[in-house]
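Structure first, then comments.
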Amino acid sequence: MESSFLHRQSARERANDSTFSGFLLLGFSNRPQLETPLFVLILIVYFLSFLGNGTIILLSWMDPRLHTPMYFFLSNLSFMDLCLTTCTVPQTLANLQGRVKTITYGGCVTQLFIALGLGGVECVLLAVMAYDRYAAVCRPLHYLAIVHPQLCLRLVLTAWFTGFGNSVLQTALTMILPLCGRNQLDHFFCEVPVMLKLSCADTSINQAELFTVSVFFLVVPLSLILLSYGHITRTVLKIKSAQGRQKAFGTCGSHLMVVVIFFGTLISMYLQPPSSYSQDVNKSIALFYTLVTPLLNPLIYTLRNKEVKGALRRLLRVTMDSRRS
113 MESSFLHRQS ARERANDSTF SGFLLLGFSN RPQLETPLFV LILIVYFLSF
163 LGNGTIILLS WMDPRLHTPM YFFLSNLSFM DLCLTTCTVP QTLANLQGRV
213 KTITYGGCVT QLFIALGLGG VECVLLAVMA YDRYAAVCRP LHYLAIVHPQ
263 LCLRLVLTAW FTGFGNSVLQ TALTMILPLC GRNQLDHFFC EVPVMLKLSC
313 ADTSINQAEL FTVSVFFLVV PLSLILLSYG HITRTVLKIK SAQGRQKAFG
363 TCGSHLMVVV IFFGTLISMY LQPPSSYSQD VNKSIALFYT LVTPLLNPLI
413 YTLRNKEVKG ALRRLLRVTM DSRRS
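This is the structure we're talking about:
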């Protein structure tokens, strides 16, 4: 315990040195007894998330039966989740076990830009996927005419351009704020609300702008998702088969669970008053949208589907046959 305290103290002294050109990520250093268990847990979750999302991308690309609008959206979601976890987790793991818990200025800017962009992409993409499910369930006879390949591509490109367009603006507005020598981030990765707290200038304009953008990326997509699933629920209630209704409600319920976890944690982080929660609570919340939802997305949306299970069996069979020959 004493060595951990001395280590944290020396790290803070290095951070205060005028030659230091980066940031000190305090992370979970105030609870050193949790660092090793968290390292193991985060590493396991990252591995499973990487495996699950990588499998979805591979299957969607290799199996012609999965070349449909739904799996086109899901493969984009998996690619986005894989990038998001890779953007934040390696740095977190290094800080949990490393002696130097710092990140360079350039590394912080890059992490902030990528995480913001991918987060915005996921918000828009989840709304797009809800619309896709609405068209498939509520208008099945016109589904292929409504959700055609050109529209799918335009919707995905819109999600990516909107997410990263906002990220350019947010990153620029955040990183131009004066820090007055402050460089200790009480978080495990670079994120806008934490960076705003670090500034020594008045950030009320930044906070108002961030609130407005957060409403656009969080409240609006969530409202569209709930509206789509409301229409889906109304259609499902018309199914005469009790087993069919139960299966449909089970699928919709699991989808909504992931949506609520993702948007709920982001809303509590970006739309809350600055002093609502302790920073330890904010770190726990951040773990959900950077780690938990990227793990749940492939499990809930894809890996339980018969089409994906069949594609996985076919891929394994082809792989084993090629090895035998």
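For the sequence shown, the numbering used here assigns the number 113 to the initial residue and increments by one for each residue that follows. Yeah, the Cβ is synthetic: ideal placement off N, Cα and C, and Gly gets one too. Note that the coordinates shown come from a computational prediction; the quantities given were computed from them, not determined experimentally.
Tell me the rounded alpha-carbon separation between residue i and residue j.
{"i": "Y382", "j": "P252", "result": "37 Å"}
{"i": "K309", "j": "T324", "result": "18 Å"}
{"i": "M432", "j": "F329", "result": "45 Å"}
{"i": "R436", "j": "L427", "result": "14 Å"}
{"i": "F117", "j": "P385", "result": "Note that F117 scores a pLDDT of 38, beneath 50, so its modelled location is shaky; the value from the coordinates is reported in the next line. Answer to the nearest angstrom: the Cα atoms are 31 Å apart."}
{"i": "L269", "j": "N295", "result": "36 Å"}
{"i": "L263", "j": "F185", "result": "11 Å"}
{"i": "Q319", "j": "Q145", "result": "34 Å"}
{"i": "E125", "j": "E147", "result": "Since pLDDT at E125 reaches only 41, below the 50 mark, its modelled position is unreliable, and the value read off the structure follows with that caveat. Rounded to the nearest angstrom, the two C-alpha atoms are 21 Å apart."}
{"i": "P176", "j": "A248", "result": "19 Å"}
Would you kindly check if the distance between the Cβ of residue j and the Cβ of residue i is under 8 Å?
{"i": "L196", "j": "P406", "result": "yes"}
{"i": "L289", "j": "S311", "result": "yes"}
{"i": "G164", "j": "L424", "result": "no"}
{"i": "C220", "j": "F276", "result": "no"}
{"i": "Q223", "j": "F301", "result": "yes"}
{"i": "I215", "j": "L137", "result": "yes"}
{"i": "Y246", "j": "S335", "result": "no"}
{"i": "L141", "j": "K213", "result": "According to the sequence shown, residue 141 is Ser rather than Leu. Yes, the Cβ-Cβ distance between S141 and K213 is below 8 Å."}
{"i": "C250", "j": "T347", "result": "yes"}
Among the candidates the options, whose CA atom is the shortest distance from the CA of residue i?
{"i": "L285", "options": "T270, F273, M307", "result": "M307"}
{"i": "P202", "options": "V157, S187, I169, F184", "result": "V157"}
{"i": "V259", "options": "T274, Y243, L230, K421", "result": "Y243"}
{"i": "L189", "options": "D298, D392, W272, G134", "result": "W272"}
{"i": "G231", "options": "V280, F159, Q209", "result": "V280"}
{"i": "L153", "options": "V404, F301, R266", "result": "V404"}
{"i": "I412", "options": "S380, T402, S396, V371", "result": "V371"}
{"i": "T204", "options": "H299, R357, E321, L339", "result": "H299"}
{"i": "G139", "options": "F162, T167, T200", "result": "T200"}
{"i": "G376", "options": "V327, K421, T363", "result": "V327"}
{"i": "C292", "options": "P261, C364, D314", "result": "D314"}
Terminal residues of the continuous alpha helix (DSSP H) containing residue i?
{"i": "I317", "result": "316-326"}
{"i": "I169", "result": "147-174"}
{"i": "V201", "result": "181-209"}
{"i": "R429", "result": "418-436"}
{"i": "V304", "result": "304-310"}
Can you give me the start and stop residues for the beta strand (DSSP E) that residue i sits inside?
{"i": "G134", "result": "134-137"}
{"i": "I351", "result": "Segment: none, I351 is in no beta strand (DSSP E) and carries neither H nor E."}
Run through the DSSP bridge pairs and tell me what residue i is partnered with.
{"i": "L285", "result": "Bridge partners of L285: none, in fact."}
{"i": "Q296", "result": "L136"}
{"i": "T216", "result": "G134"}
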